[in-house]
Amino acid sequence: MDLGNTGLFKLMKGKLDWLTERQQVLAQNIANADTPKYRPNDLTAFTFDRALGQSQRLAPRLTAVGHMAGPGSARGNDVRQDKPKSNYEVAPDGNAVVMEEQMTKIADTGMTYQLVTNLYRKQVGLVRTVIGRGAS
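Note that the UniProt record's numbering has the sequence shown beginning at 1, numbered continuously upward.
(1) Classify Thr109 as buried or exposed, calling it buried when 16 or more other Cβ atoms lie within 10 Å of its own Cβ.
(2) Nearest-angstrom Cα distance between Asn118 and Asn29?
(3) How many angstroms separate the CA atom of Glu101 from the CA atom of Asp49?
(4) Verify whether the separation of the beta carbon atoms of Leu11 and Val25 is less than 8 Å.
(5) The alpha helix (DSSP H) spanning Lys13 covers which residue range?
(6) Does the CB of Lys10 have a neighbour CB from chain B at under 8 Å?
(7) So, helix, strand or coil for Val127, using DSSP?
(8) What whole-angstrom Cβ distance do Gln123 and Phe9 have, given they're in contact under 8 Å?
Below, the structure is given as structure tokens:
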């Protein structure tokens, strides 16, 4: 059995891949902090709903009138994500990279990466305990 293909492990791997890619994008922003007219980039947020939607193969159906409607159905509400508001300034040369903002994002990405790797490690330990090999 490949644990990497189970739902929780696949979700954590997807988050780790997203965090790795985000770290690269943020590093590019910092590398271009002195480039005229450069605009910083960031990835769209990794959401549980989107990740779950990619891993689910069966679409939910409304089988009775009293049941709750799933997302995308006629009775479901569309949820939209607002664009983040930024109060940061743009340099006279048109560069919009603010080092403090980028460093904050990098620190947040690093802490989240550590959190997910710790969760991954704990889940592997639980599986080892269940199959009798002990957590190590």
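All residues carry an ideal CB built from backbone N, CA and C; glycine is no exception. These numbers come from a predicted model, not from an experiment.
Concretely, from the data shown:
(1) Buried, because 16 or more other Cβ atoms sit within 10 Å of the Cβ of Thr109.
(2) 28 Å
(3) 27 Å
(4) no
(5) 7-31
(6) You won't find chain B in this structure, because it holds only one protein chain.
(7) helix
(8) That pair is a contact at about 7 Å.
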